[in-house]
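Colleague: Chains as they are written, first to last, in the numbering used here: chain A, 28 to 165; chain B, 123 to 251; chain C, 9 to 794.
Virtual Cβ for every residue (Gly too), placed ideally from N, Cα, C.
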Amino acid sequence: MNTLILRTIAPTLTSLMVIYSIIVLLSGHNQPGGGFIGGLIAASAFALYGIACGVGPVRRALYFHPIAISGFGMLLAGLSGVVSFYKDVPYLTGLWWFPKFSGGIEVPLSTPLFFDIGVWLVVVGSLVSIALALEEKD
Amino acid sequence: METYLSLIVGLYFAASVYLLLSESLIRMLIGVALMGNGVNLLIFTAGRITRDVPPIIAKGAASAQVMGDGAIANPLPQALILTAIVISFALLAFVLVLAYRAYETTGTDDTAEMRLSEPIEPAHLPKGY
Amino acid sequence: MIGYAVLTPFIAALFAPVLVRLFGHWAAWILALVPAFICYRLVDYIPAIAKGERVLESHAWLDGFGINYSFLVDGLSLTFAFLIAGIGFFIVLYSGGYLKGHKHLGRFLATLLAFMGSMLGLVLADNLITLFVFWEATSITSFLLIGFDHERMASRRSALQALIITGLGGLVMLAGFALMGIIGGTFELSELFTKSDVIKGNELYTAVFWLVMAGAFTKSAQVPFHSWLANAMEAPTPVSAYLHSATMVKAGVYLIMRTTPILGGTDLWETVLPIVGGATLIIGTILAVRDTDMKLMLAYTTVASLGLLVMMLGVGSDRAIEGAVLYLIAHSFFKGALFMVVGTVDHEAGTRQITKLGGLRSAMPITALAAGLAALSMCGLPPFLGFLAKESIYHALSHGGVFEWSLAITAIIGNALMFGVAASIAIRPFMGRWIDPPKSVHEGSLMLVLGPVVLSLIGLVSALSLSFMQPHFFAPMISAVAGREVPIDLHLWGGVNTALVLSVITVGLGVAVFIMMPSLRKSFDQLLTFIGWGPDKGFDQAITGLTWFAGRFTNALQTGEIRTYMRTTFLITALALLVPMFVLNIWPQAPEFPKMRPWEIGVFLFLTLGVLQVVLARTRLTAIVSIGVQGIAVALTFMMFGAPDLSFTQFMVETLSVVILALVLTRLRLMRIDRRSVGAGIIDGSIALGVGVGMASLLMLVTQGPLDLRLSEFFSTHSYAIAHGRNIVNVILVDFRALDTLGEITVVLIAGVSALALIRVRPSGDSTPGAKDLIQSDPSTKEASS
Chain A
28 MNTLILRTIA
38 PTLTSLMVIY
48 SIIVLLSGHN
58 QPGGGFIGGL
68 IAASAFALYG
78 IACGVGPVRR
88 ALYFHPIAIS
98 GFGMLLAGLS
108 GVVSFYKDVP
118 YLTGLWWFPK
128 FSGGIEVPLS
138 TPLFFDIGVW
148 LVVVGSLVSI
158 ALALEEKD
Chain B
123 METYLSLIVG
133 LYFAASVYLL
143 LSESLIRMLI
153 GVALMGNGVN
163 LLIFTAGRIT
173 RDVPPIIAKG
183 AASAQVMGDG
193 AIANPLPQAL
203 ILTAIVISFA
213 LLAFVLVLAY
223 RAYETTGTDD
233 TAEMRLSEPI
243 EPAHLPKGY
Chain C
9 MIGYAVLTPF
19 IAALFAPVLV
29 RLFGHWAAWI
39 LALVPAFICY
49 RLVDYIPAIA
59 KGERVLESHA
69 WLDGFGINYS
79 FLVDGLSLTF
89 AFLIAGIGFF
99 IVLYSGGYLK
109 GHKHLGRFLA
119 TLLAFMGSML
129 GLVLADNLIT
139 LFVFWEATSI
149 TSFLLIGFDH
159 ERMASRRSAL
169 QALIITGLGG
179 LVMLAGFALM
189 GIIGGTFELS
199 ELFTKSDVIK
209 GNELYTAVFW
219 LVMAGAFTKS
229 AQVPFHSWLA
239 NAMEAPTPVS
249 AYLHSATMVK
259 AGVYLIMRTT
269 PILGGTDLWE
279 TVLPIVGGAT
289 LIIGTILAVR
299 DTDMKLMLAY
309 TTVASLGLLV
319 MMLGVGSDRA
329 IEGAVLYLIA
339 HSFFKGALFM
349 VVGTVDHEAG
359 TRQITKLGGL
369 RSAMPITALA
379 AGLAALSMCG
389 LPPFLGFLAK
399 ESIYHALSHG
409 GVFEWSLAIT
419 AIIGNALMFG
429 VAASIAIRPF
439 MGRWIDPPKS
449 VHEGSLMLVL
459 GPVVLSLIGL
469 VSALSLSFMQ
479 PHFFAPMISA
489 VAGREVPIDL
499 HLWGGVNTAL
509 VLSVITVGLG
519 VAVFIMMPSL
529 RKSFDQLLTF
539 IGWGPDKGFD
549 QAITGLTWFA
559 GRFTNALQTG
569 EIRTYMRTTF
579 LITALALLVP
589 MFVLNIWPQA
599 PEFPKMRPWE
609 IGVFLFLTLG
619 VLQVVLARTR
629 LTAIVSIGVQ
639 GIAVALTFMM
649 FGAPDLSFTQ
659 FMVETLSVVI
669 LALVLTRLRL
679 MRIDRRSVGA
689 GIIDGSIALG
699 VGVGMASLLM
709 LVTQGPLDLR
719 LSEFFSTHSY
729 AIAHGRNIVN
739 VILVDFRALD
749 TLGEITVVLI
759 AGVSALALIR
769 VRPSGDSTPG
779 AKDLIQSDPS
789 TKEASS
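(1) Which residues in the same chain as V155(A) place their Cβ atom closer than 6 Å to its Cβ, once the five residues preceding and following it in sequence are excluded?
(2) By the three-class DSSP mapping on this structure, what secondary structure does S239(B) have?
(3) Residues in its own chain within less than 8 Å of S54(A) by CB, not counting five upstream and five downstream?
(4) Assuming contact is defined by CB atoms lying nearer than 9 Å, are L368(C) and V350(C) in contact in what I supplied?
(5) Where V742(C) and P43(C) are concerned, what is the direct C-alpha to C-alpha distance, given to the nearest angstrom?
(6) Does any residue of chain C have a CB that is nearer than 9 Å to the CB of I64(A)?
(7) Can you say whether W147(A) is buried or exposed, counting buried as having 16 or more other CB atoms within 10 angstroms of its CB?
(8) Expressed to the nearest angstrom, what Euclidean distance is found between the alpha-carbon atoms of G452(C) and T506(C)?
(9) Just verifying my parser: in three-state terms, what is the DSSP assignment at N76(C)?
(10) Identify the contact partners of V623(C) in chain B, using a Cβ-Cβ distance below 8 Å as the criterion.
(11) Where does S185(B) sit, in a helix, a strand or coil, going by DSSP?
(12) Please specify which runs of the beta strand (DSSP E), each continuous and at least 3 residues long, are wholly inside the segment 82-153 of chain C, giving them in chain order.
(13) Could you name the residues of chain C that Y118(A) contacts, counting a contact when the two beta carbons are closer than 8 Å?
(14) Over what stretch of residues does the beta strand (DSSP E) that includes E65(C) continue unbroken?
(15) Is it buried or exposed for S527(C), if we count other Cβ within 10 angstroms and need 16 for buried?
(16) Please report the straight-line C-alpha distance between N57(A) and A731(C), rounded to a whole angstrom.
(17) Check whether the segment 715-734 of chain C touches the segment 609-618 of chain C, taking contact to mean three or more Cβ pairs, one atom from each stretch, closer than 8 Å.
(18) Name the residues in the segment 708-740 of chain C whose C-beta lies less than 7 Å from a C-beta of chain B; which are they?
(19) Please confirm whether V637(C) has its beta-carbon closer than 9 Å to some beta-carbon of chain B.
(20) Among residues of its own chain, excluding the 5 on either side of I75(C), which ones have a beta-carbon nearer than 7 Å to its beta-carbon?
(21) Judging by CA-CA distance, which residue of D716(C), L747(C), T749(C) and T674(C) is the nearest neighbour of A221(B)?
(22) Roughly how many whole angstroms lie between the Cα atoms of G165(C) and V247(C)?
(23) Beta-carbon within less than 6 Å of A383(C)'s beta-carbon, same chain only, minus the 5 sequence neighbours each way: which residues are those?
(24) For a contact defined as C-beta to C-beta under 9 Å, what are the partners of V150(A) on chain B?
(25) In chain order, which beta strand (DSSP E) runs of at least 3 residues are fully inside the segment 235-305 of chain C?
(26) Could you tell me which whole alpha helix (DSSP H) segments of length 4 or greater appear in the segment 343-403 of chain C?
(27) Under 8 Å by Cβ, that's how I've got V219(B) and I157(A) pegged, so tell me the actual separation to the nearest angstrom.
(28) Kindly indicate if chain A contains any beta-carbon less than 9 Å away from that of A24(C).
(29) Taking 6 Å as the limit between beta carbons, can you name the residues of its chain near P177(B), skipping five residues before and five after?
(30) Going straight from the alpha carbon of T293(C) to that of S228(C), what length do you get?
(31) Does any residue of chain B bring its CB to less than 9 Å from the CB of I144(A)?
(32) Just to check my reading of the structure: V323(C) and A238(C) have Cβ atoms closer than 8 Å, yes? What is that Cβ distance to the nearest angstrom?
(33) In chain C, what lies closer than 7 Å to P59(A) by C-beta?
(34) Counting only C-beta atoms, is E133(A) closer than 9 Å to chain C at any point?
(35) Identify, in the order they occur along the chain, each residue of the same chain with its Cβ nearer than 7 Å to the Cβ of R360(C), setting aside the five sequence neighbours on each side.
(36) Rounded to whole angstroms, what's the CA-CA distance from A254(C) to V116(A)? Just pull it up for me.
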């Protein structure tokens, strides 16, 4: 699909979609969204970029191999459960912290957040790797 | 509302089974894709249908109800389906690639002609111990 | 304590290969310390057991099911444990000498030790399930031992035969144990002893009896299960000497002894066991006389001896039990010694054919001495333990009616034939004219002669030291088998009585058999050739039949046509959905059709049309677009009914699906028409319709019924309170059921890796041959390129 319009807007569209996917990921705990949806949005973004501009630029943009990203996500999700052991609760129990920063900004941090980020990475990595591999084959 | 969706689920299953019974690899793949949706709708309907109200606890409220007035949609089937959608998609992608490679290797997309692992002449029985 | 002692051989087995690598065959001396250590620990129990006590030890295992890792030490199990560990000590040393320099000596010793541990566990177990586990462990380890020389087919066949016969028997026995445990209300033998009347009175007693005896008869090689024992002679001699003297084959006898107080004393018991045992005794001796291979001769006399033991236990009187116990102990020593003697002769002279050996006494004096001592015990001559045993047996059988006397005659014939065999093995190879053997003969090494000499001497010493052996071993064991205190009074010389007269007759007949051995052998051989069929052949026929049946069955099921598989699967799905509704006459109630909002009608129409269009699509573009349409309609459905998360996900997935489908389908051709014939189309259509109608009806049924909302209720109530999240679906995914999600993302990752591997990994040269090339080329290239 070597159209000029698509090629021109693809980088911008992709970056917007990735940013949006991260917003969806982070707001997922209270509004519709989360790791799965966010991951799918980002994966579509990269697939689109690949279709428009070829696989090479996508791989350069990602820097890491998509499967490595996926693996890292898996590791992150798995490790986020390990924190529970230090608190003597079952594996993957959700734990929360509410650290306050200067200016009265409270940032809620939790193990489910990191778990969800892991989910996001796994979905993005796996799907992008399949899509890119298929696009590459020509 | 469940009645309509039950009929649609039936249609999904009938269509996907019909496609899966084909000997053409691509039709089977499409059947797999359809069946995924059919199953998701099945779970969704079995968890009962609520119009409009998503399973999100309103700002200010501490909890939500799944029964009675002001009930939210049943969150449990949704959680099941959400992962099911992603997994069935991953499966579909894998099966597509598998079919593609099988096509490349055997040169046909007719399952009746793909007999590499189960050749027409029956396997030999072992003799002795 | 005893529970840990049982485990030590298994632990030692782990180190055996390393030790052999470090020290060669000298490792046997180190490993022999294990059985020696066990014997040393067992000595502690002797005083208590001699007083008639019973030591119990229990470790919880599967508590709720009444299954414990529990042990029972009494006269029976202690004597058995001594035999297993004591003879095991010499066998380990003998193995070191016999397989010196063999490349798999380490593996052999490891298996041998594991077998020893299993055997110890078997005889010491109190819990029936523990007993069963060790019982099957002996089957498996003996399979490995018999098949040690696995490059020969005869070995593999024998090993498999032993495993199948004893393993199947064990499984049947497990059923018997389960029944016994259910009837008695406990799996502990020590408690079942008191429940004897309950079990014997139960209507299922007959079933329990046959099931348990199936285990005992197969393990102890009773007719018609005797063929595995003789075939097990394919194993290296140390295995034969161990398995067929004190251990494996005695396990069945042990089980009969152990269950005598629970199941014994009934008419069934006193009829079946003597008949089976008697038949085994006669058939075993006939087969023994027929053979010329000394190892096989001994193997068949082992069958015969086991028959004698079963017969005596079936009679079940105090004197009969006494005879069985004494004979069992005597047999363990003389048979172990004789097997090792034959092994040594085979090892040093290069043959074990009795007709090709003679005059070896000058070359192998110590071995000859051991053979002589052991054979004297086997012949039942005074003052050996075998004599005591035989006296008790005759004493028990000569005090009864016609049935007992017929058993006595059976015993005399059997013993006379065994006498002949024993005398032949002790005399023919060592005495008489020198016959040049295949190898230059010299005396075996210390490791090879130690076992036979000591074991054959024990057969003499234990009879002479009766005043010590009787109260410490014989009496407790007899009482344990009988299940109560039995007064016994053994003497080497009890005056002239019926038993002695029968013994004299036996010896006379035995000498005659020895002299007439060659002609007897010939006539027995003719008889057996005339019959021409035996259980051994039957086993082969059964296995061939089974393979044939399995092959036919597999070929019938595995047609290789995926359509057949799919049709079967979905036909059964449809039947599973519809048949219960027909049979139970449960149908959905007349459905309600509530009023729909206009956009709902629109979305449902989209869904229906999209699905139909997918089925009817003739070009791949239509198909892809239709899939997209129905997918988006599904997403809209989710949106309308309160599932925004699902809706977004579905939208994204549909987008990606279309992309990936497009990428793949552009490379595959979609047949313009579905090439199904009309007939096939009707069949497929009916099946599809069946599944569809079934699913729709099921779903209506389900939605018309009540719904259990407890889980949803819990999540909705606690989502914000506990997990600080307002989106309940997301909270379920990442918090409440995070472990499930972890599994699911693993699936996604695996799918990704596998797909990537399929695309990227190719055979070198990237030449992808077509199907025809592949089918014509040979299998090895097929493997490489697919």
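Modeller: Answer, in terms of the structure:
(1) Here residue 155(A) is taken as the residue at index 128 of the first sequence, counted from 1. Only A70, F73 and P93 meet the Cβ criterion.
(2) What you label residue 239(B) is simply residue 117 of the second sequence in a count that begins at 1. In the structure shown, the three-state DSSP call for S239(B) is coil.
(3) Residue numbering aside, residue 54(A) sits at position 27 when the first sequence is read from its first letter. Excluding positions up to five away in sequence, the list reads G60.
(4) Within the third sequence, the letter at position 360 stands for residue 368(C). Within the third sequence, the letter at position 342 stands for residue 350(C). Taking 9 Å as the cut-off, the beta carbon of L368(C) is found no closer than this to the beta carbon of V350(C).
(5) As a first step, residue 742(C) must be located in the third sequence, where it is residue number 734. As a first step, residue 43(C) must be located in the third sequence, where it is residue number 35. Their backbone Cα atoms lie some 56 Å apart in a straight line.
(6) As a working mapping, residue 64(A) is identified with position 37 in the first sequence. Under the Cβ criterion of 9 Å, I64(A) is counted among the residues facing chain C.
(7) In the first sequence, the residue the question calls residue 147(A) occupies position 120. Classification of W147(A): buried, given that the 10 Å Cβ count is 16 or more.
(8) The residue labelled residue 452(C) in the question sits at position 444 within the third sequence. The residue labelled residue 506(C) in the question sits at position 498 within the third sequence. So the alpha carbons of these two residues sit roughly 43 Å apart.
(9) Within the third sequence, residue 76(C) is the residue found at index 68, counting from 1. Here N76(C) carries a strand assignment [DSSP, helix/strand/coil].
(10) Position 615 of the third sequence, counted from the first residue, corresponds to residue 623(C). Listed by position along chain B, the residues whose Cβ is nearer than 8 Å to that of V623(C) are A137, Y140 and L141.
(11) Position 63 of the second sequence, counting from 1, holds the residue named residue 185(B). In the three-state scheme derived from DSSP, where H, G and I count as helix and E and B as strand, S185(B) is classed as coil.
(12) Counting whole runs of 3 or more residues, the segment 82-153 of chain C contains no beta strand (DSSP E) stretch at all.
(13) For the purposes of this step, residue 118(A) is taken as the residue at position 91 of the first sequence. Under the 8 Å cutoff, chain C gives L747.
(14) Position 57 of the third sequence holds residue 65(C). For E65(C), the uninterrupted beta strand (DSSP E) run begins and ends at V63 to L70, by DSSP.
(15) Translated into the one-based positions of the third sequence, residue 527(C) becomes position 519. Here S527(C) is exposed. Its C-beta has fewer than 16 other C-beta atoms within 10 Å.
(16) As a first step, residue 57(A) is located in the first sequence; it is residue number 30 there, counting from the start. As a first step, residue 731(C) is located in the third sequence; it is residue number 723 there, counting from the start. Each residue's Cα considered, the two are about 11 Å apart.
(17) The segment 715-734 of chain C vs the segment 609-618 of chain C: no contact.
(18) Those would be M708, V710, T711, L715, L717, L719, S720, E721, F723, S724, T725, S727, Y728, A729, R734, N735, I736, V737 and I740, in chain order.
(19) For the purposes of this step, residue 637(C) is taken as residue 629 along the third sequence, with counting starting at 1. The beta carbon of V637(C) does not come within 9 Å of any beta carbon belonging to chain B, so the residue lies off that interface.
(20) As a position in the third sequence, residue 75(C) is number 67, starting the count at 1. Taking C-beta separations shorter than 7 Å and ignoring five residues to either side along the sequence, the partners of I75(C) in its chain run W69, N135, I137 and F195, following chain order.
(21) Taking the first residue of the second sequence as 1, we reach residue 221(B) at position 99. Of the candidates D716(C), L747(C), T749(C) and T674(C), the one whose C-alpha sits nearest the C-alpha of A221(B) is T674(C).
(22) Locating residue 165(C) in the third sequence gives position 157, where the first residue counts as 1. Locating residue 247(C) in the third sequence gives position 239, where the first residue counts as 1. Position check: residue 165(C) holds Arg in this sequence, whereas Gly was assumed. Computed Cα separation, rounded: 16 Å.
(23) Numbered from its first residue, the third sequence carries residue 383(C) at position 375. Excluding sequence neighbours, A383(C) sits near A430 and A434.
(24) Counting from one through the first sequence, the residue named residue 150(A) turns up at place 123. Against chain B, the beta carbon of V150(A) has neighbours under 9 Å at V208 and A212, listed in chain order.
(25) Counting only runs of at least 3 residues, the segment 235-305 of chain C fully encloses no beta strand (DSSP E) element at all.
(26) Taking only runs of at least 4 residues, the alpha helix (DSSP H) segments lying wholly in the segment 343-403 of chain C are 373-387.
(27) On the second sequence, residue 219(B) is found 97 positions in, with the first residue counted as 1. On the first sequence, residue 157(A) is found 130 positions in, with the first residue counted as 1. Right, their Cβ atoms sit about 7 Å apart.
(28) Here residue 24(C) corresponds to residue number 16 of the third sequence, with the count starting at 1. No, A24(C) does not count as interfacial toward chain A.
(29) Against the second sequence, residue 177(B) aligns to sequence position 55. Excluding sequence neighbours, P177(B) sits near I194, A195 and P197.
(30) What you label residue 293(C) is simply residue 285 of the third sequence in a count that begins at 1. What you label residue 228(C) is simply residue 220 of the third sequence in a count that begins at 1. Using only the alpha carbons, I get a separation of about 15 Å.
(31) Residue mapping note: residue 144(A) aligns to position 117 of the first sequence, counting from 1. No - not a single Cβ of chain B is within 9 Å of the one on I144(A).
(32) Here residue 323(C) refers to the residue found at position 315 when the third sequence is read from its first residue. Here residue 238(C) refers to the residue found at position 230 when the third sequence is read from its first residue. Contact between V323(C) and A238(C) does not hold, since their C-beta atoms are separated by about 26 Å, which reaches or exceeds 8 Å.
(33) Numbered from 1 along the first sequence, position 32 holds the residue referred to as residue 59(A). Near P59(A) (Cβ distances below 7 Å), the residues of chain C are P652, D653, F656 and N735.
(34) Counting from 1 along the first sequence, the entry for residue 133(A) is found at position 106. Cβ-Cβ to chain C under 9 Å: no for E133(A).
(35) Here residue 360(C) corresponds to residue number 352 of the third sequence, with the count starting at 1. Same-chain partners within the cutoff: D301, M302, K303, V350, V353 and D354.
(36) Position 246 of the third sequence, counted from the start, is the residue given in the question as residue 254(C). Position 89 of the first sequence, counted from the start, is the residue given in the question as residue 116(A). Each residue's Cα considered, the two are about 54 Å apart.
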